[in-house]
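To convert, note that position 122 of the sequence shown is 122 in the UniProt record's numbering; the numbers rise steadily by one, no gaps.
Think of the CB as a built atom: it goes at the ideal place given N, C-alpha and C, for glycine as much as any other residue.
Model, not experiment: these values are computed from the prediction.
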Amino acid sequence: MKKSFFQKTYNLNINLILLISLLLLLKFAFLFLENQFGNIEIESLKSSISFVQEKLNFVAHFIQSLTLTLISILVLSICTELFQRITKDSVLNYFKSIYQTIRLRQFLKQDEMSESITSIDNQTTVTKFNLTLKNFNYAISSCTVDIRQDSLSVFIKYPKTQQAQKLLRDMEEHIKEEISSQNPNYYFSSSIREGSRLWFKGARR
């Protein structure tokens, strides 16, 4: 089984949005600093201030160029998906896929409970993190739900550790129940594992 274009680009688009937001903040920060240096009226530092302003302006424009490039990639990715939906499926299903992907990730995510252990002399405190849950959460952060007119595909990446894999196996029936309840117009077969990928496939009733 192969991932659809939506499943391949969903995380990419999210990361692009976050990176673009960060770059925009950095750009405004550099422009603000450039403006602040311009308000300094010390004759002896005039040449140094001008040099710093020039460098800040250069960095701000570089960030702007990089941001525009990333925005172009993001727009191209989204427009490609929308074009496919318009010609072969439904735009509404695109937004349903996004919503249900977010919802399924929230459903699967485990609270990474930490435990504080105090030594016998009550002087040293060590915080112990649950690495199994951390590994599990990292794996399910790439899960996606792709809804189409006649079919539905759920992709979940299998965790690497044995304990995290056991946790996912124990949840398989609950996952199937969750996606079935969200999509009553589809019926689902048993989950299928292919290497490090777990699939749930649905067909319209």
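- Of the residues assessed, F28 falls on the exposed side of the cut-off, its CB having fewer than 16 other CB atoms within 10 angstroms.
- Annotation: E54 is outside any beta strand (DSSP E); the continuous alpha helix (DSSP H) that includes it extends over K46 to K88.
- In this structure, DSSP gives R193 an extended state, which the three-state scheme calls strand.
- The Cβ atoms of L108 and I140 lie closer than 7 Å to each other.
- Boundaries of the alpha helix (DSSP H) around K96: V91 to L108.
- DSSP links K201 through a beta bridge to S153.
- With contacts defined by Cβ atoms closer than 7 Å, I147 and N93 form a contacting pair.
- Listed in chain order, the non-local C-beta contacts of V91 below 8 Å within the same chain comprise L82 and R85, local neighbours out to five positions each way being set aside.
- Taking a cut-off of 8 Å on C-beta distances, the segment 53-64 does not touch the segment 4-19, as fewer than three cross pairs fall below it.
- In the structure shown, D170 adopts helical secondary structure according to DSSP, grouped into three states.
- L70 is a Cβ neighbour of L16, given a cutoff of 7 Å.
- Looking at the DSSP output, F188 shares a beta bridge with G202.
- Taking a C-beta distance under 7 Å as the contact criterion, T132 and Q163 qualify as a contact pair.
- Counting only residues of its own chain and dropping the five nearest sequence neighbours on each side, I73 has a CB closer than 7 Å to the CB of L16.
- When DSSP reads this structure, I14 sits in no beta bridge, so it has no partner.
- G202 and L18 have their alpha carbons spaced roughly 32 Å apart.
- At least 7 Å separates the beta-carbon of Y158 from that of S191.
- With fewer than 16 other CB atoms across the displayed protein chains lying within 10 angstroms of its CB, L76 is exposed.
- Taking 7 Å as the cut-off, the beta carbon of F188 is found closer than this to the beta carbon of S180.
- Going by C-alpha positions, Q106 is about 23 Å away from S21.
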